[in-house]
Amino acid sequence: KPAIVWRDLRRYYGLRNFISTNLSLSDHHLTTDDCDRALEFLQNRYDIIVAGSDEIWHVERKAFTMPFPNPYWLSETLHCHKIAYAASANKLAYHDLQPNDRDLMQRCLQAFDLIGVRDRHTFTMIREWGVVPPDKMELVPDPTFFMQVPRNDSKTRQRLLRAGVDFSRKLLGVTFSDPMLNEGIIPHFKRNGYQVIAMTGYNPLADVNLRGCLNPFEWAQTFQFFALCCADLFHGTVFSLKAGIPFLSFDYYCNPTYETKLHFLLDDLGLLKHYVAVQRLVMRPDELIIRAEELIRDHDKG
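All letters in the sequence shown, in the order written, are residues 13 to 314 by the working numbering.
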């Protein structure tokens, strides 16, 4: 649809402008998918290299995924200090890896001076492999928890008003467009006077679609205005937590063998009442609505 294409283009150029304005790169930088070229560029150029954060160590042999080997594993051939910061191998089925891939990963990890990982799955994988001494590895928070999010920023508020957000109504923020969740949740809240705000992908049932309207700082600030957020994005959960609002977190990647980073986060905080495993979803829509209403009613704003 032309309107969606326009939003995607606006989002692309908006993010590119945000990067050029807020991230100062040196004259010596490289963007490539070629691992050998990247390692050649890095060799003998730096004293310390930091890899991270996010799912830099998640590997899948599928189309449109990061190839392996890739520079984020920082080859043992690099002559410098190597540090991983808040790295994640979320969803990596490491028991099923090909031996050659596993051996290369282990050699790379063994060469790190310090490793910070942000979920139990990655921590367990490295510990089981036994290639990193315990004093060189730590569980650390996702770095966005350290971001200072302004409260009631007037510029962000004006941007949202221009996009159609009605602050006189209760707001339901959503980051999904799943038909099952749409039809099960959104109509109920609309009937109860909520305005539905879609934060990321286009959602046909939303009253306002913000894709392409906000820069990353504004996106993070918007969560504070919601009476409830239904998120299928990890950082949708993070910024709901930071905003101190009621939320439900939908996990599409739950696996009985490997714990996801979202489950670990909410389990570690004692907040699994906010967690919904979509692949094992047995609750009817009305049960989800009851849980959401209970979270709103029992929410401790302090």
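By construction, the Cβ of each residue, glycine as well, lies at the ideal position given by its N, Cα and C atoms.
Report task. Measure the C-alpha to C-alpha separation of L104 and A63 and round it to an integer number of angstroms. Result -> So the two alpha carbons sit approximately 18 Å from each other.
Report task. Can you tell me the Cβ-Cβ gap for V177 and V129, rounded? I've got them flagged as a contact below 8 Å. Result -> Contact doesn't hold; Cβ gap of about 37 Å is too wide.
Report task. Consult DSSP for L27 and reduce its assignment to one of helix, strand or coil. Result -> Helix, per DSSP.
Query - Secondary structure, alpha helix (DSSP H): runs of 4+ residues fully inside the region 51-128 - result: Whole alpha helix (DSSP H) segments, 4+ residues: 111-122.
Requested in this report: Rank A101, E88, D113 and G142 by C-alpha distance to the C-alpha of D131 and give the top, closest one.
Outcome: Of the candidates A101, E88, D113 and G142, the one whose C-alpha sits nearest the C-alpha of D131 is A101.
Query raised in the report: How would you label I302, buried or exposed, when you count the other beta carbons within 10 angstroms and need 16 or more for buried?
Result: Counting Cβ neighbours within 10 Å, I302 comes out exposed, since fewer than 16 surround it.
Query - Rounded straight-line distance, which links the Cα of T136 to that of K148 - result: Between K148 and T136, the alpha-carbon positions lie close to 14 Å from each other.
Report task. Label M192 either buried or exposed according to how many other C-beta atoms from any shown protein chain fall within 10 Å of its C-beta, with 16 as the threshold for buried. Result -> M192 should be labelled exposed.
**Report entry** C-alpha distance - F30 paired with L217, whole-angstrom precision
**Finding:** The C-alpha of F30 lies about 29 Å from the C-alpha of L217.
**Report entry** Beta-carbon spacing of H286, L245 below 8 Å
**Finding:** Contact: no.
Report task. Give a yes or no on whether the minimum CB-CB distance between A105 and chain B is below 8 Å. Result -> Absent here is chain B; the protein component of the structure consists of one chain.
Query raised in the report: So what does D263 bridge to, in DSSP terms?
Result: A289, per the DSSP bridge assignment.
**Report entry** When N227, R296, C241 and A232 are compared against N34, the one with the closest alpha-carbon
**Finding:** Here the closest residue by C-alpha is N227.
**Report entry** Beta-bridge pairing of M149 - partner residues as DSSP gives them
**Finding:** Bridge partners of M149: I127.
Query - Beta-carbon gap between L184 and V208 smaller than 8 Å - result: Yes, the Cβ-Cβ distance between L184 and V208 is below 8 Å.
Query raised in the report: What is the DSSP secondary structure of C242, reduced to helix, strand or coil?
Result: Residue state, collapsed to three classes: strand.
Query raised in the report: Where do the ends of the alpha helix (DSSP H) carrying L307 lie?
Result: Here the alpha helix (DSSP H) through L307 covers P297 to R309.
Query raised in the report: How would you write the range of the beta strand (DSSP E) that I257 sits in, first residue to last?
Result: No beta strand (DSSP E) holds I257; DSSP gives it neither H nor E.
Report task. Enumerate in chain order the residues of its own chain whose CB-to-CB distance from G213 is below 7 Å, with the five nearest sequence positions on each side excluded. Result -> The residues are S189 and R223.
Query raised in the report: Can you tell which of F238, C225, Y84 and D20 has its C-alpha closest to the C-alpha of Q170?
Result: Closest option to Q170, Cα to Cα, is C225.
Report task. For Q291, count neighbouring C-beta atoms within 10 Å of its own C-beta (all shown protein chains included) and say buried if the count is 16 or more, exposed if not. Result -> Flag for Q291 reads exposed.
Query raised in the report: How big is the Cα-Cα spacing for F76 and E195?
Result: The straight-line gap separating the alpha-carbon atoms of F76 and E195 is approximately 30 Å.
Query raised in the report: Would W18 be called buried (16 or more neighbouring beta carbons within 10 Å of its own) or exposed?
Result: A residue is called buried once 16 or more other Cβ atoms fall within 10 Å of its Cβ, and W18, having fewer, is exposed.
**Report entry** Sequence-distant residues of its chain with Cβ nearer than 6 Å to T134 (five each side left out)
**Finding:** Excluding sequence neighbours, T134 sits near S100 and A101.
Query - Run of the beta strand (DSSP E) containing L184, from where it starts to where it stops - result: That run of the beta strand (DSSP E) goes L183 to V186.
Report task. Apply the 10 Å Cβ neighbour rule to Y270 and answer buried if 16 or more other Cβ atoms are within range, or exposed otherwise. Result -> By the 10 Å Cβ count, Y270 comes out buried.
**Report entry** Paired residues, beta bridge with N227 - DSSP
**Finding:** Answer is none; N227 lacks a bridge partner.
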